[in-house]
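Beneath this line is the structure, given in structure tokens, with notes to follow.
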Amino acid sequence: MVPRPSARDRLLTAARELFYAEGFGVSVDAVTARANVAKPTVYAHFESKDALIDTVLSTASEEWFTELDAELERRDDPLERVSAPFDLLGTNLPDQAYHGCILINSAASFLSADHPAHRALTTHDDRMLEVFEKLAAQAGATDPLDTGRQLLLLYNGVKARGLVDHTGSAARDARAAAMILVTVAR
Numbered sequence: 001m002v003p004r005p006s007a008r009d010r011l012l013t014a015a016r017e018l019f020y021a022e023g024f025g026v027s028v029d030a031v032t033a034r035a036n037v038a039k040p041t042v043y044a045h046f047e048s049k050d051a052l053i054d055t056v057l058s059t060a061s062e063e064w065f066t067e068l069d070a071e072l073e074r075r076d077d078p079l080e081r082v083s084a085p086f087d088l089l090g091t092n093l094p095d096q097a098y099h100g101c102i103l104i105n106s107a108a109s110f111l112s113a114d115h116p117a118h119r120a121l122t123t124h125d126d127r128m129l130e131v132f133e134k135l136a137a138q139a140g141a142t143d144p145l146d147t148g149r150q151l152l153l154l155y156n157g158v159k160a161r162g163l164v165d166h167t168g169s170a171a172r173d174a175r176a177a178a179m180i181l182v183t184v185a186r
């Protein structure tokens with residue numbers, strides 16, 4: 001028999017599903033109803049709705065990096081490693097249920113740079129820049145930081161374009177552009 005997830009895990013799952021599908025204006029009551037917990041349970045685990053949002057976003061980011069690390073481990077060729085983030089994004093984009101990147105969506109919902117949503121996106125993008133800079137260096141780019149920033153723009157562009165193009169072409173096009181970019185940057 002599979003054990004039932006903890007109340008905290010059910011809250012995080014419910015919050016992530018609702019925030020992604022309906023936006024961050026979803027009430028705590030809706031989250032508790034979906035998680036099948038009482039409202040005080042939220043505040044026993046999270047000091048505020050913002051703290052819940054921060055945890056959801058941090059978890060989403062960590063899951064992405066776990067998937068990306070596994071994908072990078074499967075690739076030896078430096079150019080193929082550069083393409084890994086785009087290939088991974090491409091697995092999610094030919095999906096009508098794709099509503100954009102939860103991190104970017106959150107930053108657009110909360111305009112204050114001090115909000116946890118902005119900090120979560122900044123932290124995620126900083127980590128992605130480190131990944132792209134390292135991958136660019138491994139692929140022989142003469143200015144890995146500059147190339148890494150350009151790859152990050154392509155990466156974020158895929159996530160934005162995926163909102164309106166459910167064919168997966170955004171990821172394929174960005175992958176092709178990334179290959180050209182890194183080749184020229186050598």
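Just so you know, UniProt numbering puts 40 at position 40 of the sequence shown, and the rest follows in order with no gaps. Glycine is no exception: its CB is placed at the ideal position from the N, C-alpha and C atoms.
{"Item": "Residue 189 versus R10 - alpha carbon distance", "Value": "Residue 189 lies beyond the stretch modelled for the chain, which goes from 1 to 186, so this question has no answer here."}
{"Item": "Outcome for S106 when other beta-carbon atoms lying within 10 angstroms are tallied against a minimum of 16", "Value": "buried"}
{"Item": "Beta-carbon spacing of V42, T55 below 8 angstroms", "Value": "no"}
{"Item": "For F186, the first and last residue of its enclosing alpha helix (DSSP H)", "Value": "Rather than Phe, the amino acid found at residue 186 in this sequence is Arg. Segment: none, R186 is in no alpha helix (DSSP H) and carries neither H nor E."}
{"Item": "The segment 80-94 contacting the segment 156-171, beta-carbon criterion three pairs below 8 angstroms", "Value": "yes"}
{"Item": "Of the residues L121, A38, D87 and Y98, the one placed nearest E62, counting alpha carbons only", "Value": "L121"}
{"Item": "For H118, the first and last residue of its enclosing alpha helix (DSSP H)", "Value": "P116 to Q138"}
{"Item": "Cβ contact check for the segment 8-25 and the segment 82-91: 3 or more pairs under 8 angstroms", "Value": "no"}
{"Item": "C-beta contact flag for F132 and L163 at 8 angstroms", "Value": "no"}
{"Item": "Burial state of P116, where buried means 16 or more other Cβ atoms lie within 10 Å", "Value": "buried"}
{"Item": "Contact belief for A185 with D143 at Cβ below 8 angstroms, rounded distance in angstroms", "Value": "7 angstroms"}
{"Item": "Limits of the alpha helix (DSSP H) - the one that A35 falls within", "Value": "V28 to A35"}
{"Item": "Burial state of I180, where buried means 16 or more other Cβ atoms lie within 10 Å", "Value": "exposed"}
{"Item": "Spatial neighbours of A177 in its chain, beta-carbon cut-off 8 angstroms, leaving aside the 5 residues before and after", "Value": "L154"}
{"Item": "Cβ pair A60, L103 closer than 8 angstroms", "Value": "yes"}
{"Item": "Nearest candidate by alpha-carbon position, reference A139, set T183, E73 and G90", "Value": "T183"}
{"Item": "A15 burial status per 10 Å Cβ neighbour count (16 or more: buried)", "Value": "buried"}
{"Item": "Presumed contact (8 angstroms Cβ cut-off) between S109 and H118, rounded CB distance", "Value": "In fact, because the Cβ distance is near 10 angstroms, the residues do not count as touching under 8 angstroms."}
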